[in-house]
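> I have a structure I would like to understand better, so I am pasting it below and will then ask my questions one at a time.
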Amino acid sequence: MKVNTQLLSKNVGQQIINTDNINILDLDREEIINLFKSYGFLLFRGLENSVDTFTQFTNSLSKDFLDYTGGVFNRRVINGNATILSVNDFKDEIKLHGEMYYQQDIPLMLWFFCAHPASQDGETILCDGRQFFNELSSPLKELFSKKKLKYVGHLNKDAWQKQYKTNDLKVVEQTCIRNNLLLQINDDESIDLQYICPAIHPSRCGKYPTFISSLLPAKHRYKNTVFFEDNSEITDDIVSELNEVADRITTEISWQAGDILMVDNTRIMHGRRAFSDHQRDIYLRLCSPAFPF
Ligand SMILES: [Fe+2]
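By the count of this note's numbering, the sequence shown reaches residue 326 at its end, each step adding exactly one.
Rendered as structure tokens:
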């Protein structure tokens with residue numbers, strides 16, 4: 034089935050519109066893949082999706098689904114499937130970020146499903162990391178090109194058992210080695226983690242520098258969890274400029290029930306506006322594309 038589309042912002046994002054009461058599973062696969070590669074994220078709207086069609090549709094386009102081991106938020110498992118997760122369990126704003134950019138193993142793509150939108154607010158926000166880089170001032174381009182970020186975390190026993198889904202520190206050790214995370218095990222069985230990576234990454238085609246990181250929510254929500262590699266501070270002035278760029282180039286998704294959002298996590302940063310409606314229910318899948326990418 035041919036795909037009807039509409040631009041979601043000036044440069045990135047396309048909305049797939051249902052004109053003939055079609056089933057999402059009948060949409061032309063190649064066209065979806067080409068749109069995704071060009072536009073970075075796609076919103077599928079008005080297709081009467083359930084969790085089951087969401088699962089089938091995402092299974093048809095993705096592989097290597099992750100269960101969020103190593104992720105910092107609490108997420109609920111949906112329908113007993115460990116690769117379908119709720120978004121986090123609080124209502125505050127989350128600044129723009131690449132998913133799990135505080136470790137080596139990132140999901141290359143993300144899927145969101147709106148089971149229940151908030152009655153107001155709670156929009157998901159998105160921006161193009163290539164455009165983010167282009168909009169940075171020359172000094173910040175130079176600074177982030179020269180200096181990598183250092184993420185640090187301290188987890189007590191209870192916290193690392195939850196985050197790494199194991200009681201066995203040897204398993205944590207293996208995960209950390211795989212993820213280039215520096216692990217220190219303390220006498221009280223708490224752990225300290227450290228991860229160094231750049232904020233600017235080349236695009237998958239190698240042509241475009243892309244600003245994508247977990248820096249903004251880390252600075253916004255937690256104290257002393259991210260620095261430059263040389264331990265120098267990422268100052269409030271730097272964070273202000275980044276937030277100002279983010280505000281300028283952000284696209285908002287005001288959720289409708291049944292919406293599906295497909296996101297390139299190597300190019301697009303996402304976040305969300307605060308909300309108060311406790312019925313807001315958005316699901317997430319973390320995976321890789323099941324097509325050349
Ligand atoms: Fe996220």
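Don't be surprised by glycine CBs; every beta carbon is placed ideally from N, CA and C. No experiment lies behind these values; they were computed from the predicted model shown.
#1: Which residues bound the alpha helix (DSSP H) around Gly162?
#2: So for Ile224, helix, strand or coil by DSSP?
#3: If we count the other Cβ atoms within 10 Å of its Cβ and call it buried at 16 or more, is Cys238 buried or exposed?
#4: Of all the beta strand (DSSP E) runs that stay within the bounds of the region 106–159, which reach a length of 3 or more residues?
#5: Give a yes or no on whether the C-beta atoms belonging to Thr258 and Val185 are separated by under 7 Å.
#6: Looking only at its own chain, which residues have a Cβ that is under 6 Å from the Cβ of Asp225, when we skip the five neighbours before and after it?
#7: What's the gap between the Cα of Lys190 and the Cα of Leu141?
#8: Comparing alpha-carbon positions, which option in Leu317, Ile229, Val278, Gly104 lies nearest Asp263?
#9: Whole angstroms is fine: what's the gap from Pro172's alpha carbon to Asp97's?
#10: If you draw a straight line from the alpha carbon of Leu214 to that of Lys181, how long is it in whole angstroms?
#11: In chain order, what residues of the same chain lie with their CB nearer than 6 Å to the CB of Glu285, ignoring the 5 residues before and after it?
#12: Here's the rule: buried if 16 or more other CB atoms are within 10 angstroms of the residue's CB, otherwise exposed. What is Glu63?
#13: Would you mind stating whether Arg163 and Thr86 have Cβ atoms separated by less than 7 Å?
#14: Tell me Leu182's beta-bridge partners as DSSP assigns them.
#15: Kindly indicate which residue of Trp288, Val296, Gly304, Ser273 has the alpha-carbon position closest to the one of Asp314.
#16: According to the neighbour-count rule (16 or more other Cβ atoms, all chains shown, within 10 Å of its Cβ), is His303 buried or exposed?
#17: In three-state DSSP terms, what is Cys209?
#18: For chain C, is any of its Cβ atoms less than 7 Å away from the one on Trp144?
#19: Does the Cβ of Gly113 have 16 or more other Cβ atoms within 10 Å, making it buried, or fewer, making it exposed?
On the basis of the supplied data:
#1: For Gly162, the enclosing alpha helix (DSSP H) covers residues 162–168.
#2: The answer is strand: DSSP assigns Ile224 an E or B state.
#3: So Cys238 counts as exposed.
#4: Under the rule that a run must span 3 or more residues, the beta strand (DSSP E) segments found entirely inside the region 106–159 read 114–119, 127–130, 142–149.
#5: Less than 7 Å separates the beta-carbon of Thr258 from that of Val185.
#6: His187, Gln217, listed in sequence order.
#7: Rounded to the nearest angstrom, the two C-alpha atoms are 29 Å apart.
#8: The shortest C-alpha separation from Asp263 is found at Ile229.
#9: Using only the alpha carbons, I get a separation of about 39 Å.
#10: Inter-residue distance for Leu214 and Lys181 is about 14 Å (C-alpha atoms, whole angstroms).
#11: Counting only residues of its own chain and dropping the five nearest sequence neighbours on each side, Glu285 has a CB closer than 6 Å to the CB of Glu156, Ile158.
#12: Around the Cβ of Glu63, a 10 Å sphere holds fewer than 16 other Cβ atoms; the residue is exposed.
#13: No; because the gap between Cβ atoms is not below 7 Å, this pair is not in contact.
#14: Paired residue(s): Cys230, Phe261.
#15: Just measuring C-alpha positions, the residue of Trp288, Val296, Gly304, Ser273 sitting nearest Asp314 is Trp288.
#16: Under this definition His303 is a buried residue.
#17: Three-state result, Cys209: helix.
#18: Judged by its chain identifiers, the structure shown contains no chain C, having just a single protein chain.
#19: Classification of Gly113: exposed, given that the 10 Å Cβ count is below 16.
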